[in-house]
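Peer 1: Each residue of the sequence shown is one higher than the last, beginning at 9 in my numbering.
Even for Gly, the Cβ is constructed at its ideal location relative to N, Cα and C.
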Amino acid sequence: MVSTIETRPKKKTHGLLLALPGIFWLVFFFMLPLIIILALSIMTPSRGGIGGDVPLTLDNYDDAFGGVYFRVIEQSLITALTTTVICLIIGYPLAFFIATQKRPFMKQMGLFLVILPFWTNFLVRTYAMRTILGQQGPINAVLLNLGLIDEPVRMLNTQYAVIAGLVYGFLPFMVLPIYATVEKFNFSLVEAAHDLGANDWHAFRRVILPLTLPGVVAGVLLVFIPSIGAFVTPDLLGGTDGFMLGNLIQRQFRGSGGNWPRGSAISIVMMVLVSASVFIYLRWGERED
Numbered sequence: 009m010v011s012t013i014e015t016r017p018k019k020k021t022h023g024l025l026l027a028l029p030g031i032f033w034l035v036f037f038f039m040l041p042l043i044i045i046l047a048l049s050i051m052t053p054s055r056g057g058i059g060g061d062v063p064l065t066l067d068n069y070d071d072a073f074g075g076v077y078f079r080v081i082e083q084s085l086i087t088a089l090t091t092t093v094i095c096l097i098i099g100y101p102l103a104f105f106i107a108t109q110k111r112p113f114m115k116q117m118g119l120f121l122v123i124l125p126f127w128t129n130f131l132v133r134t135y136a137m138r139t140i141l142g143q144q145g146p147i148n149a150v151l152l153n154l155g156l157i158d159e160p161v162r163m164l165n166t167q168y169a170v171i172a173g174l175v176y177g178f179l180p181f182m183v184l185p186i187y188a189t190v191e192k193f194n195f196s197l198v199e200a201a202h203d204l205g206a207n208d209w210h211a212f213r214r215v216i217l218p219l220t221l222p223g224v225v226a227g228v229l230l231v232f233i234p235s236i237g238a239f240v241t242p243d244l245l246g247g248t249d250g251f252m253l254g255n256l257i258q259r260q261f262r263g264s265g266g267n268w269p270r271g272s273a274i275s276i277v278m279m280v281l282v283s284a285s286v287f288i289y290l291r292w293g294e295r296e297d
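In structure tokens, the structure reads:
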């Protein structure tokens with residue numbers, strides 16, 4: 009009995025020692041930068057960078073929610089939500105199709121094609137989309153050859169190009185969580201629903217969708233969170249028409265004419281938006297449990 013009691017503190021000590029690298033990583037690379045950004049967000053800008061006659065102020069948050077900056081936040085939310093909805097519309101049937109394949113080869117091939125884009129750098133894929141959507145790209149070439157248009161359509165440097173690039177980049181993040189839930193789904197429940205008189209639509213709405221909803225919510229978060237803070241895709245495909253939060257924050261921190269306190273305040277606003285979506289997911293998960 010004594011030896012058992014004595015080993016418990018040792019196990020706790022060993023567990024704490026094993027967790028120290030992870031704790032250090034979180035504190036040094038997450039908590040400390042967050043505290044610095046939070047402190048910067050309430051300072052006043054000056055020619056030297058930060059700090060003026062009045063060192064602390066909330067004017068940076070007023071700027072973030074006013075004028076052109078609020079329109080960028082609004083446009084970023086709309087773009088991220090649109091990207092998420094399109095990924096869900098495309099990704100759910102695709103994940104369902106892959107997970108319900110009877111032949112293992114077809115299932116493995118479907119998963120391989122989904123994760124294949126990850127083998128290429130995201131920047132390279134974005135440049136590929138820039139070529140595809142360009143005035144001399146294959147889309148315009150096909151439309152011109154079919155006689156559907158008389159001159160190349162301007163697709164680059166638009167919000168639609170940004171959405172197309174984000175959907176292309178983040179679609180696998182929607183497919184994979186849904187695939188994981190559909191693969192574990194017990195399809196005998198669908199047969200039972202049909203035996204009770206439900207048609208295909210009612211069986212999907214009352215049985216399949218509720219039981220695969222955890223994968224849907226996880227996919228929505230995995231697409232929405234990186235979409236709202238995207239920088240490379242709006243910068244290369246959107247131009248001024250596709251300006252988003254990531255570009256706005258980068259512009260505030262770049263060069264001598266930047267405004268670090270305002271950029272920090274906008275960063276905090278974006279983090280609050282992302283944290284709110286995660287909080288909703290956690291609350292939803294507790295309710296489902």
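1) With a 10 Å radius around its C-beta and 16 neighbouring C-beta atoms as the bar for buried, classify G23 as buried or exposed.
2) So, helix, strand or coil for L154, using DSSP?
3) Among R214, F232, N255, Y289, which has the Cα closest to the Cα of D243?
4) Return the residue from the list V76, L151, L121, L174 that minimises the CA-CA distance to I233.
5) Quick check on this structure: which residue in L42, Y187, S196 has the alpha carbon closest to the alpha carbon of P101?
6) To the nearest angstrom, how far is the alpha carbon of T90 from that of G223?
7) Quick one: what does DSSP say F252 is sitting in, helix, strand or coil?
8) Do you know offhand how far L154's Cα is from N148's?
9) Would you mind giving the Cβ-Cβ distance between L141 and L245, rounded to the nearest angstrom? I have them listed as a contact below 8 Å.
10) Determine the contact status of F250 and A169, defining contact as a CB-CB distance below 8 Å.
11) Check the C-beta distance from S272 over to I45 and give it rounded, since I have them as a contact under 8 Å.
12) For the putative contact between V183 and G99, defined by C-beta atoms under 8 Å, what is the C-beta separation to the nearest angstrom?
13) Assuming contact is defined by CB atoms lying nearer than 8 Å, are P53 and W268 in contact in what I supplied?
14) Going by the CB atoms, is the gap between Y289 and L217 shorter than 8 Å?
15) Name, in chain order, the residues that DSSP records as bridge partners for L64.
16) Assuming the contact rule is C-beta atoms closer than 8 Å, A226 and A211 should be a hit. Round their C-beta distance to whole Å, please.
17) Taking the alpha carbon of T241 as the point to measure from, which residue in V231, Y135, N194 has its own alpha carbon closest?
18) Work out the CA separation of Q143 and G56 for me, nearest whole Å.
19) What whole-angstrom Cβ distance do R138 and G177 have, given they're in contact under 8 Å?
20) Would you check if the distance between the CB atom of G247 and the CB atom of M278 is smaller than 8 Å?
21) Within a Cβ cutoff of 6 Å, which residues of the same chain sit near W64, ignoring the five residues on either side of it in sequence?
Peer 2: Well, looking at it:
1) exposed
2) coil
3) Distances from the CA of D243 to each of R214, F232, N255, Y289 were compared; the closest alpha carbon is that of N255.
4) L174
5) Y187
6) 19 Å
7) It should be noted that the sequence gives Met, not Phe, for residue 252. Correct three-state label for M252: coil.
8) 10 Å
9) 7 Å
10) The sequence given here has Gly at residue 250, not Phe. A contact, by the Cβ cut-off of 8 Å.
11) 5 Å
12) 4 Å
13) The Cβ atoms of P53 and W268 lie closer than 8 Å to each other.
14) The answer is no: Cβ separation not under 8 Å.
15) M51
16) Contact flag wrong, Cβ pair sits at about 23 Å.
17) Y135
18) Its pLDDT being 44, under 50, G56 is placed unreliably by the model, and nothing is read from it.
19) So it is not a contact: roughly 13 Å between Cβ atoms.
20) Against a cut-off of 8 Å, the Cβ pair of M278 and G247 comes out as no contact.
21) For the sequence presented, residue 64 should be read as Leu rather than Trp. Within the same chain, and ignoring the five residues on either side of L64 in sequence, the residues whose Cβ sits closer than 6 Å to its Cβ are I50.
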